[in-house]
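The structure under discussion appears below in the form of structure tokens.
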Amino acid sequence: MNITVIGTGYVGLVSGTCLAEVGNHVLCVDTDEAKVRGLKAGRIPIYEPGLEPLVLENHRAGRLEFTTDLAEGVAHGDVLMIAVGTPPDEDGSADLQHVLAVASGIGTYMQDYRVIVTKSTVPVGTADKVRAAVNAALEERGQQIDFGVVSNPEFLKEGNAVDDFMKPDRVVVGSDDPRATARMRELYHPFNRNHDRVIFMDVRSAEMTKYAANAMLATKISFMNEMAGMAERLGADIEAVRQGIGSDPRIGYHFIYPGCGYGGSCFPKDVQALYRTGQEAGHESQILRAVEDVNARQKRVLLDKIDSHFGAKLSGKRFALWGLAFKPDTDDVREAPSRVIMEGLWERGASVDAFDPVAMHEIRRIYGQRKDLRLHEDPYDALKNADALIVVTEWKMFRTPDLELMSENMAGKVIFDGRNIFDPKQIAAAGFSYYGIGRSAV
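Residue numbers (the numbering used here): 3 to 444.
Below, the structure written as structure tokens:
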């Protein structure tokens with residue numbers, strides 16, 4: 003099948019590459035000329051485990067190509083996937099200008115039947131707007147061409163996106179057009195050899211499914227962070243509580259890890275957008291509002307602990323920070339707790355020495371060169387003369403630290419563990435003061 007993917011961001015590049023991997027001829031379209039030149043030269047703009055070799059292999063084989071020409075893309079694809087960004091607008095709602103601009107472009111160049119797929123995360127009702135934008139462009143040309151509009155939201159976890167696409171738990175397809183439904187069934191046939199993972203439903207239900215899934219996961223995280231705050235005040239250990247409730251199969255262990263808040267390109271944006279969608283429909287979601295409020299507070303909980311230990315004025319203090327990405331196995335720092343913490347430290351007069359295995363280039367791009375931010379290629383170099391260590395991202399390499407080397411390098415012996423990856427008793431035995439999330443200070 004010939005497939006066009008419009009947008010080579012996280013969703014578009016992973017989707018296009020994986021569809022090429024199973025034998026389709028995929029053309030990825032992007033307006034960013036530098037990015038397209040880089041992809042043609044084998045430079046991958048995002049970090050995602052396993053993605054780079056697949057892009058290079060499929061590009062060499064001629065199954066995966068890149069262009070800036072939307073007309074070429076519309077002519078190429080039997081299926082046209084819209085995978086452009088939907089950033090939050092000022093009021094928190096999803097900004098659909100890029101999606102609708104692509105839809106209008108498709109209507110401008112389309113010559114015969116196409117299946118138009120919204121792969122971007124979009125509010126309920128977006129398919130109707132896409133259809134209207136395509137029709138408006140066709141009318142301007144004086145053309146009447148049949149087309150189908152399908153919602154096919156992605157459920158890719160950053161750090162595991164390739165496996166998630168190649169071995170999906172489910173593929174949600176919202177379609178009211180039998181011809182489009184048949185084409186989507188054919189498209190996902192290679193991923194259904196063991197059992198049928200495709201769930202067909204109406205378009206609006208598919209659009210809502212993506213938002214509801216992310217909002218549910220974000221709710222679990224905020225609930226556990228709420229319990230962590232309570233546990234600290236009651237003298238309980240939230241990690242023991244987590245194991246106790248996670249053993250109930252109705253709850254499970256996924257997404258019940260307390261920490262210093264969630265970030266990334268999905269949860270913060272999607273919770274806000276779903277809340278705003280409800281408001282526009284006349285429904286006030288108190289739970290979604292609380293999920294967002296708890297997360298905003300949780301991103302500052304380590305700053306509160308730092309203030310409590312050192313006082314609010316930190317001029318001259320030096321803090322080592324381990325982990326910049328919002329989660330392990332990605333270089334994504336969008337809405338990352340690390341940024342809230344660093345900015346809070348700078349406001350208090352402190353400086354930051356940071357390490358992350360893959361995300362430091364993104365932090366440098368955002369903040370540039372500044373005297374109160376030093377990035378290190380080795381985590382233990384970041385500790386030299388530090389008054390305290392702050393752990394923000396739970397990279398595996400941080401889980402069994404060399405406590406003796408830490409002690410030698412650090413000026414102060416204080417650890418703020420934003421992901422509860424250390425054993426408080428072990429840390430205390432090594433002579434450190436320890437502050438975790440939902441645990442009594444040691």
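Ideal Cβ placement from N, Cα and C applies to all residues, glycine included.
Below 8 Å on the Cβ atoms is my contact criterion, and I expect residue i with residue j to pass it. Report the Cβ-Cβ distance as a whole number of Å.
| i | j | result |
| --- | --- | --- |
| Gly84 | Met112 | Residue 84 is actually Ile in this sequence, not Gly. 13 Å between Cβ atoms; not a contact. |
| Val124 | Val104 | With a Cβ gap of about 12 Å, Val124 and Val104 do not count as contacting. |
| Val38 | Asp32 | 5 Å |
| Tyr277 | Gly94 | 7 Å |
| Val136 | Thr120 | About 12 Å separates the two Cβ atoms, so there is no contact after all. |
| Ala390 | Ile417 | 7 Å |
| Ser153 | Ala129 | 6 Å |
| Glu364 | Val335 | 5 Å |
Could you check which residue in the options has the C-alpha nearest to that of residue i?
| i | options | result |
| --- | --- | --- |
| Ile308 | Glu241, Val393 and Met186 | Val393 |
| Leu304 | Gln288, Val335, Cys262 and Lys42 | Cys262 |
| Gly254 | Lys222, Ala230, Leu15 and Phe321 | Lys222 |
| Ala283 | Arg350, Arg45, Val126 and Gly40 | Val126 |
| Arg299 | Gly79, Phe157, Lys329 and Glu228 | Glu228 |
| Thr10 | Gln99, His27, Asp34 and Arg372 | Asp34 |
| Thr70 | Ile240, Leu102, Cys30 and Gly109 | Cys30 |
| Asp171 | Arg341, Pro260 and Lys159 | Lys159 |
| Gly318 | Phe328, Ala182 and Glu349 | Glu349 |
| Gly150 | Glu142, Gly144 and Ala182 | Ala182 |
| Ser17 | Arg62, Glu156 and Gly64 | Glu156 |
| Met428 | Glu410, Pro403 and Ile439 | Reading off the sequence, residue 428 comes out as Gln, not Met. Considering only alpha carbons, the answer is Pro403. |
| Leu58 | Arg45, Glu241, Gly237 and Met412 | Arg45 |
| Ser122 | Met344, Leu15, Asp374 and Tyr259 | Leu15 |
| Lys271 | His27, Glu92, Gly40 and Glu54 | Glu92 |
| Gly414 | Arg376, Arg421, Ala388 and Leu405 | Ala388 |
| Ala36 | Val28, Asn26, Pro47 and His27 | Pro47 |
| Lys42 | Pro51, Tyr49, Leu66 and Ala22 | Leu66 |
| Tyr369 | Asn196, Val173 and Leu326 | Leu326 |
| Leu72 | Tyr49, His61 and Ile8 | Ile8 |
| His311 | Asp179, Phe434, Glu209 and His197 | Phe434 |
| Met362 | Glu54, His285, Trp324 and Glu337 | Trp324 |
| Lys301 | Gly420, Arg187, Ala138 and Ala242 | Gly420 |
| Val174 | Pro359, Phe202, His197 and Pro180 | Phe202 |
| Pro260 | Arg291, Gly40 and Val243 | Val243 |
| Val28 | Phe357, Ala138, Gly64 and Pro51 | Gly64 |
| Asp358 | Arg376, Glu345 and Gly351 | Arg376 |
Reducing DSSP to helix, strand and coil, say where residue i ends up.
| i | result |
| --- | --- |
| Asp380 | coil |
| Val86 | coil |
| Tyr436 | strand |
| Arg195 | coil |
| Val416 | strand |
| Met112 | coil |
| Ser153 | strand |
| Ala43 | coil |
| Ala96 | strand |
| Ile223 | helix |
| Gly266 | coil |
| Val342 | helix |
| Leu2 | In the structure as shown, the chain begins at 3 and stops at 444. Residue 2 is therefore absent and cannot be evaluated. |
| Ala238 | coil |
| Gly144 | coil |
| Ala361 | coil |
| Arg187 | helix |
| Tyr369 | helix |
| Arg133 | helix |
| Leu15 | helix |
| Ala73 | helix |
Report all residues from its chain with a CB closer than 8 Å to the CB of residue i; omit the five preceding and five following residues, and keep chain order.
| i | result |
| --- | --- |
| Cys20 | Leu56, Val164, Phe167 and Met168 |
| Ser207 | Gly176 |
| Ala430 | Tyr436 and Val444 |
| Pro330 | Gly161, Thr395, Glu396, Trp397 and Lys398 |
| Asp80 | Met3, Asn4, Ile5, Arg116, Val117 and Arg185 |
| Gly231 | Val303 and Gly440 |
| Gly248 | Gly254, Tyr255 and Ile258 |
| Leu98 | Thr88, Val124, Pro125, Thr128 and Lys131 |
| Gly237 | Ser442 |
| Leu140 | Gly109, Met112, Gln146 and Ile147 |
Starting from residue i, follow its DSSP beta bridges and name the residues at the other end.
| i | result |
| --- | --- |
| Glu67 | Leu29 |
| Phe321 | Val354 and Ala390 |
| Ile8 | Val31 and Ile84 |
| Thr120 | Ile84 and Ser153 |
| Leu375 | Val354 |
| Phe202 | Val175 |
So with Cβ pairs under 7 Å, would you call residue i a contact of chain D?
| i | result |
| --- | --- |
| Leu21 | In summary, chain D is missing from the structure at hand, where a single protein chain is found. |
Give every residue of the same chain whose Cβ lies closer than 6 Å to the Cβ of residue i, excluding the five residues on either side of it in the sequence, and list them in chain order.
| i | result |
| --- | --- |
| Val293 | Ala220, Thr221, Ser224 and Val273 |
| Pro90 | Lys271 and Gln274 |
Grab me the residues of residue i's own chain with a C-beta within less than 7 Å of its C-beta, minus the 5 sequence neighbours each way, in chain order.
| i | result |
| --- | --- |
| Arg367 | none |
| Arg401 | Ile423 |
| Gly407 | Note on residue identity: the sequence assigns Leu, not Gly, to residue 407. Excluding sequence neighbours, Leu407 sits near Tyr382. |
| Val200 | Val173, Val175, Arg187, Tyr190 and Asn194 |
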